[in-house]
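Each step along the sequence shown adds one to the number in our numbering, with nothing skipped, and position 149 is 150. Think of the CB as a built atom: it goes at the ideal place given N, C-alpha and C, for glycine as much as any other residue. All values derive from a computational prediction rather than experimental measurement. As structure tokens, the structure follows; a few thoughts come after it.
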Amino acid sequence: MEIAYCSFMDLFGIVDDDSLVWGDPFYPFLVYGVGVAVCAIALVPLKERLLARRRSTACAAAQFFLITVGVCLVMELAMGLMLNQPNLAGEYPLWDNSALPFNVLGQAWLVNDLALGAVAMLYAWTIYPASEKLLAKVPPRIMNAAAALTVAAFVVLCIVKFA
């Protein structure tokens, strides 16, 4: 996800040539795990509620997209305020949206959030339901083993990358 995202954002000239994404494609960008969790826990149920309450799928989709863009903006802003504070020289360690139009506190950028909102919408409306149907066919023992293996591999990756 980060490679595709940075390739898109590089069109705007805001991705550094020395970004981790170009030199280390296995770097664990934790924000995407948080994003998927937010989608699965909050946004997928929101989609179902909106579909039940709105007269048309188009109205539900439009409202969902606007809410999702807001959620992405809040998440990007929170991550930035926690992890991306400028140093004494005013340089941001991870990204610098401060000079871009439509930035929020130099951390979030509405263009990012529109793109991430579209990805979250694609996930909640298409990928998650298809994955849920596909995974329902797999026996629970195999799913539990696959989940444990995935978590273990991620822990090892984090230890290797952050140690």
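- In this model, methionine 83 and glutamine 108 are separated by some 10 Å (Cα to Cα).
- Between the C-alpha atoms of alanine 5 and alanine 116 there is a straight-line separation of about 11 Å.
- In this structure alanine 121 is buried. Its beta-carbon is surrounded by 16 or more other beta-carbon atoms within 10 angstroms.
- Relative to the Cα of phenylalanine 65, the nearest Cα in the group Val75, Lys48 and Asn85 belongs to Lys48.
- Looking at the DSSP output, asparagine 104 sits in a beta bridge with Trp110.
- In the DSSP annotation of this structure, the continuous segment of the alpha helix (DSSP H) that includes glycine 36 starts and ends at 31 to 39.
- Judged by beta-carbon spacing, phenylalanine 27 lies within the 8 Å limit of leucine 158, meaning their Cβ atoms are closer than that value.
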